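Visitor:
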Amino acid sequence: MYVKLGDFGFSKCVAPDAALTTFCGSPPYAAPELFVADSYTGPAVDLWALGVLIFYMVTGSLPFKADSLHKIKRLILSNDYRIPAYVSDDCQTLISGLLTNSVERRYTVSQAKSSPWFNDIDWQHLMKHTDPTPDEIDDASARYLLKKWWDVDSYELDKALSEGPKNKLTGIYRILRSKGLQYKKDPTLPDQKYKNKRGRVKRNGSCSTGKSKPRPASVPHKELTTVDLRDQKSMKNAENSTRTCNIL
Numbered sequence: 240m241y242v243k244l245g246d247f248g249f250s251k252c253v254a255p256d257a258a259l260t261t262f263c264g265s266p267p268y269a270a271p272e273l274f275v276a277d278s279y280t281g282p283a284v285d286l287w288a289l290g291v292l293i294f295y296m297v298t299g300s301l302p303f304k305a306d307s308l309h310k311i312k313r314l315i316l317s318n319d320y321r322i323p324a325y326v327s328d329d330c331q332t333l334i335s336g337l338l339t340n341s342v343e344r345r346y347t348v349s350q351a352k353s354s355p356w357f358n359d360i361d362w363q364h365l366m367k368h369t370d371p372t373p374d375e376i377d378d379a380s381a382r383y384l385l386k387k388w389w390d391v392d393s394y395e396l397d398k399a400l401s402e403g404p405k406n407k408l409t410g411i412y413r414i415l416r417s418k419g420l421q422y423k424k425d426p427t428l429p430d431q432k433y434k435n436k437r438g439r440v441k442r443n444g445s446c447s448t449g450k451s452k453p454r455p456a457s458v459p460h461k462e463l464t465t466v467d468l469r470d471q472k473s474m475k476n477a478e479n480s481t482r483t484c485n486i487l
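Taking our numbering, the leading residue of the sequence shown gets 240, the next gets one more, and so forth.
(1) Measuring CA to CA, which of I411, D377 and P267 is closest to K310?
(2) For A258, which residues does DSSP report across the bridge?
(3) Under 7 Å from any heavy atom of the ligand MG, does the C-beta of S327 make it?
(4) Residues in its own chain within less than 8 Å of A456 by CB, not counting five upstream and five downstream?
(5) Quick one: what's got a C-beta closer than 8 Å to A184's C-beta in the same chain, skipping five residues either side?
(6) Determine the closest residue to S265 out of I376, D397, K407 and F303, with distance taken between C-alpha atoms.
(7) Would S353 count as contacting chain C if we go by Cβ distances under 8 Å?
(8) My guess is that A381 and L415 are in contact by the Cβ rule of under 8 Å, so how many angstroms apart are they, rounded?
(9) Along the chain, where does the alpha helix (DSSP H) containing L384 start, and where does it finish?
(10) Out of curiosity, what's the CA-to-CA distance linking E395 and S250?
(11) In whole angstroms, give me the CA-to-CA distance for L338 and D328.
(12) Is it right to say V275 is buried, meaning 16 or more other beta carbons lie within 10 angstroms of its own, or is it exposed?
(13) Indicate the three-state DSSP secondary structure (helix, strand or coil) for P323 in the structure shown.
(14) Report the three-state DSSP secondary structure of D285 (helix, strand or coil).
(15) Let me confirm a value: W388 is counted as buried when at least 16 other C-beta atoms fall within 10 Å, else exposed. Which label applies?
(16) Looking only at its chain, what residues have a beta carbon closer than 8 Å to the beta carbon of W356, apart from the 5 residues adjacent to it on each side?
(17) Determine, using beta carbons only, whether G290 and L259 come nearer to each other than 8 Å.
(18) Please report how far the alpha carbon of D256 lies from the alpha carbon of Q350, in whole angstroms.
(19) Between the beta-carbon of Y295 and the beta-carbon of L301, is there less than 8 Å?
(20) Return helix, strand or coil for E395, following the three-state DSSP convention.
(21) Here's the rule: buried if 16 or more other CB atoms are within 10 angstroms of the residue's CB, otherwise exposed. What is L308?
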């Protein structure tokens, strides 16, 4: 079994040695240079975050935990963390190599992949092959379901897919691709005769059922997980937020 990572919120395509100056991120995963340097390189910051993630996956806890952003920053800058003794030596070495404050001495991608902890991993195979999820279906099957349930033709779907994830129909298609077998087995899902009751997806990607319902008032989101690591006001707000570290 392999784990797929997602939710790359602040992602950006960059050259390997390009200097970046956007200092945003989730504090417990932030590399030390994000707090003190004028610029940073993306791969090095990502590898630090990978070290945090591996630590979390093998221990169930974050390496840098505190009740305020200021304290988290202090722990990261002082490299103050402890790896539990039950973690294997190979994994401890990998984590230590990734969670190295010096960018020059921090593990590179090649060094991380060469870790004995990954001895049984065939990297070339992983790059060429992705195992489908148990409920995944192919493109033709997803198109068939969209046509059957909501009368979405190929022209409409192709147009939506060309617009990317901002189009709601693209999202519906992707969900069907990943969970199609599950939906096909669900007897509560609509067949052709219920199509009109369900409504259909419009060409702009929205869904219409013929009835309008008032939208509930939006509730401000109080949980702060991603902040500007250089903005002193943002840091102050994060420090006063008691829930910041509880949800990370």
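Built from N, CA and C at the ideal position, the CB exists for glycine as well.
These figures come from a predicted structure and were not determined experimentally.
Guide: According to the structure data:
(1) P267
(2) Bridge partners of A258: T280.
(3) In terms of ligand content, the structure shown is empty, and the ligand MG therefore cannot be addressed.
(4) Its pLDDT being 44, under 50, A456 is placed unreliably by the model, and the measurement read from it follows with that caveat. The answer is none, since no qualifying residue turns up.
(5) Limits of the chain in this structure are 240 at one end and 487 at the other, which puts residue 184 out of reach.
(6) F303
(7) In the structure shown, chain C does not exist; there is a single protein chain.
(8) 4 Å
(9) Looking at the DSSP string, the run of the alpha helix (DSSP H) that includes L384 is D378 to W389.
(10) 29 Å
(11) 15 Å
(12) exposed
(13) coil
(14) helix
(15) buried
(16) Its chain contains S327, D329, C330, T332 and L333 as the residues whose beta carbon lies nearer than 8 Å to that of W356, once the 5 sequence neighbours on both sides are disregarded; these appear in chain order.
(17) No, these two residues do not count as a Cβ contact at 8 Å.
(18) 17 Å
(19) yes
(20) helix
(21) Sixteen is the threshold: when 16 or more other Cβ atoms of the shown chains lie within 10 Å of the Cβ of L308, as they do, the residue is buried.
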